[in-house]
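The next block holds one structure in the form of structure tokens; read it before the comments.
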Amino acid sequence: FLARAGILAVRRIKKSDMEKLAKATGARIVTNLDDLKPEDLGEAELVEERRVGEDKMVFVEGCKNPRSVTILIRGGSERVVDEAERSIHDALCVIKDVLEEPKIVAGGGAPELELAMRLRDWAEGLPGKEKKAVEAFASALEAIPVTLAENAGLDPIDIMSELTAMHKKGNLWAGVDVLGGCACPDMREKEVLEPALVKKQVIKSATEAATMILKIDDVIAASRLKEKGPPKGPEETETETEGGGESSSEF
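Counting in the working numbering, the sequence shown runs from 91 upward without gaps.
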């Protein structure tokens with residue numbers, strides 16, 4: 091009946107898909123057809139059913155100001171599809187972070203090295219233990235560019251020397267170019283950037299974790315309780331031998 095009237099009807103749709111479709115088209119979900127009003131309808135340029143592989147799917151395209159979209163991922167194997175899904179998810183999270191806080195920093199360990207250098211300069215005016223603590227924090231930050239250099243098969247000492255010289259000249263964007271195998275003076279040219287929001291959260295979380303561990307004074311190791319055997323029967327008796335402490339059971 092609906093097909094003869096030029097109306098496409100789809101059955102057995104999940105509630106979550108209905109909610110996403112409503113966000114995409116601007117429509118409202120109506121449970122009773124008698125309550126349907128013109129303002130409840132959504133907008134789309136094309137709605138059609140297509141076959142993708144062995145499955146039939148309904149495509150809704152050309153929505154006006156969609157608040158929900160679908161990305162169709164296909165691949166030769168499940169592993170390829172899973173890897174593509176993870177990559178897309180990571181990219182969407184990066185976009186989300188940049189939209190929440192539209193600021194970026196260089197990658198390649200550039201911000202960590204700059205922070206470490208500034209902390210060491212600040213530590214010069216601190217007394218005793220406080221100076222040692224700040225220097226240790228700076229060394230922990232330097233572990234990021236050092237690790238990047240080591241993983242790329244580079245000499246971390248040479249790379250750190252070059253990067254330190256660049257940062258002392260005011261080049262804040264200098265970092266480790268893993269693909270090029272060198273110290274890059276400007277990571278922006280390599281398009282290696284990170285959201286500032288993520289970088290701040292990483293340093294904050296690492297600091298909180300280290301602080302929590304440092305507050306632990308002692309550790310009590312708990313061993314597993316030995317499992318007890320089944321209870322002995324009334325007819326079972328235990329005797330000791332004269333020579334040693336071994337026991338035997340007689341029935």
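Even for Gly, the Cβ is constructed at its ideal location relative to N, Cα and C.
- DSSP lists Arg141 as the bridge partner or partners of Lys146.
- With contact defined as three or more Cβ pairs closer than 8 angstroms, the segment 184 to 198 and the segment 249 to 268 are in contact.
- Under the three-state reduction of DSSP, Leu182 is assigned to helix.
- The shortest CA-to-CA distance from Glu284 to any of Lys104, Ile194 and Phe149 is the one to Ile194.
- Under the criterion of beta carbons closer than 8 angstroms, Glu135 and Gly152 qualify as touching, at roughly 3 angstroms.
- For Leu231, the enclosing alpha helix (DSSP H) starts and ends at Gly218 to Asn241.
- By the neighbour-count criterion, in which a residue is buried when 16 or more other Cβ atoms sit within 10 angstroms of its Cβ, Leu123 is exposed.
- The way I'd put it, the segment 219 to 235 doesn't touch the segment 255 to 263; fewer than three beta-carbon pairs between them come closer than 8 angstroms.
- Less than 9 angstroms divides the Cβ of Glu190 from the Cβ of Leu287.
- Apart from sequence neighbours up to five positions away, the residues of its chain that approach Leu98 with a beta-carbon distance below 8 angstroms are Leu92, Val137, Glu138, Glu139 and Val148, ordered along the chain.
- The bridge partners DSSP lists for Ala273 are Val266.
- Residue environment analysis places Ile249 among the buried positions, since at least 16 neighbouring C-beta atoms fall within 10 angstroms of its C-beta.
- Close CB contacts of Gly243 within its chain, under the 8 angstroms cut and outside five residues either way in sequence, are with Gly271 (chain order).
- Residue environment analysis places Met108 among the exposed positions, since fewer than 16 neighbouring C-beta atoms fall within 10 angstroms of its C-beta.
- If only uninterrupted alpha helix (DSSP H) runs of at least 4 residues are considered, those enclosed by the segment 280 to 305 are 286 to 304.
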